[in-house]
Every structure is written in structure tokens, then in C-alpha cells.
Amino acid sequence: GTLQEQTVKAVMAELRHHFRPEFLNRVDDIVLFKPLTREEIKSIIDLLIAELRRRLCDRQIDLQISDEARDFIAREAYDPVYGARPLKRYLQHQLETRIGRALIGGEIGRGALVTVEIADQKLQVEVVPPSASDPET
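Each residue of the sequence shown is one higher than the one before, counting from 27 in the working numbering.
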């Protein structure tokens, strides 16, 4: 059979070692998942960042993330076992929490730019205040 059929047979054989027939009889189907590619991971990060950017846009705050920071997040936060879920948690802890604290502390005002870079193997979140020449201020 195909590689998929062979894989399903191998998975079923493995399951038989661990579960009783009464349980396995209730399993209707086995769905195989391929690990995400690096590009797919980066696309998911882009979607999550876009969502955060939209929320900040309501406060007239812009967010820019460097390619190095995106690559760093992909390496640090993606787990092939858990898929993309850790990416969201990582961004919540490492970005949203920091930005939220800075907002509450008054460090980020309207028209500011938040940049995300890599420095010393860590995410660096910087706030660039709006320039004096900006007509919106």
C-alpha cells in the first residue's frame, strides 16, 4: 500500500501494545499530522503578530518585528509535538505582557513605534516615541 496506509498500520500495531481491544474498537480513524515547515511556522507568527498589531493600531501604536526576531521566535517557541500552540503562548508572555506593562506604565504613548529585535540571544522590545515633526502629535 501507500506510505500513508503503511504508517496507519504501524501506528495501529503500536496502539495494540498499549491499549485493550475494547478501547481500540472505539477508535474510528487515525489522522496523521505532518510537522509544520519553518515557512509555515513563520506564517503563523506573522498572523499572530498581525493580530497584535491590529490591537495596537486602535491606540495609534505601530509594531515592527525584524526578520531575525521572527526566526528567533520560530526556533524558541515552536514544538513539533504541540504544534503552533506554544507560539501563541510565547508571544503572549514575551511580547504582549511587556507591551501591556509599558502601556500601563505610560512608556508607550499614541503615535509610538514598538520594535522587536534580537540582542544577546533575547527578544529586545524597544519603544520609539513619535517624532516632534510628526503632524499627528
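All C-beta atoms, glycine included, are put in the ideal place defined by N, C-alpha and C.
Here's the rule I'm using: 16 or more other beta-carbon atoms within 10 Å means buried, otherwise exposed. How should residue i be labelled?
i	result
VAL140	buried
TYR116	buried
PHE49	exposed
PHE98	buried
VAL37	exposed
ILE67	buried
ALA95	buried
LEU82	buried
GLN120	buried
ILE130	exposed
At the level of alpha carbons, what is the spacing between residue i and residue j?
i	j	result
THR33	ARG52	20 Å
SER159	GLY137	Bear in mind that a pLDDT of 42 at SER159, under 50, signals an unreliable position, so the number given afterwards is only what the model happens to contain. Between SER159 and GLY137, the C-alpha separation is close to 12 Å.
LEU41	VAL107	18 Å
ARG85	GLN118	18 Å
GLY135	ALA76	20 Å
PRO47	ARG124	50 Å
PHE45	VAL57	18 Å
LEU89	PRO155	12 Å
VAL153	ASP105	30 Å
ASP72	GLU143	15 Å
Going by the beta-carbon positions, is the gap between residue i and residue j smaller than 8 Å?
i	j	result
LYS35	LEU74	no
LEU78	GLU31	no
ALA103	PRO112	yes
LEU62	ALA110	yes
Between which two residues does the beta strand (DSSP E) carrying residue i extend?
i	result
GLU133	Careful: GLU133 lies outside any beta strand (DSSP E) and carries neither H nor E.
GLU152	148–154
Kindly examine the ligand GDP and report whether one of its heavy atoms sits closer than 7 Å to the Cβ of residue i.
i	result
ILE70	Of ligands this structure carries none, so the ligand GDP is not represented either.
In this structure, what does DSSP give as the bridge partners for residue i?
i	result
GLU143	GLN150
What first and last residue would you give for the alpha helix (DSSP H) that runs through residue i?
i	result
ASP97	93–103
ARG75	Residue identity differs from the one stated: residue 75 is Ile in this sequence, not Arg. That run of the alpha helix (DSSP H) goes 64–83.
HIS119	Taken as a continuous stretch (DSSP letters only), HIS119 belongs to no alpha helix (DSSP H), as it is neither H nor E.
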